[in-house]
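Asker:
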Amino acid sequence: MRIGIFSGTTNDGTIDQVVAEAAAAQGAGFASFWVP
Numbered sequence: 013m014r015i016g017i018f019s020g021t022t023n024d025g026t027i028d029q030v031v032a033e034a035a036a037a038q039g040a041g042f043a044s045f046w047v048p
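This is the structure we're talking about:
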């Protein structure tokens with residue numbers, strides 16, 4: 013089973029923070045990372 017995660021940081025964070033969160037999600041083994 014492949015599991016993804018949804019991020020909510022785009023309203024408060026910089027693009028660098030969003031990229032760092034996506035990299036952390038990948039490192040944690042999530043198959044996808046969704047950004048609003």
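Sequential numbering from 13 applies to the sequence shown in our numbering.
Virtual Cβ for every residue (Gly too), placed ideally from N, Cα, C.
(1) Would you call the CB atoms of S19 and E33 closer than 8 Å?
(2) Can you tell me the Cα-Cα spacing of F42 and V30, whole angstroms?
(3) On the three-state DSSP scale, how would you describe G16?
(4) Which value, in whole angstroms, describes the spacing of the CA atoms of A37 and T26?
(5) Pull the bridge partners of F45 from the DSSP assignment, please.
Answerer: Per the coordinate set shown:
(1) yes
(2) Roughly 15 Å separates the two Cα atoms.
(3) strand
(4) 17 Å
(5) F45 pairs with I17.
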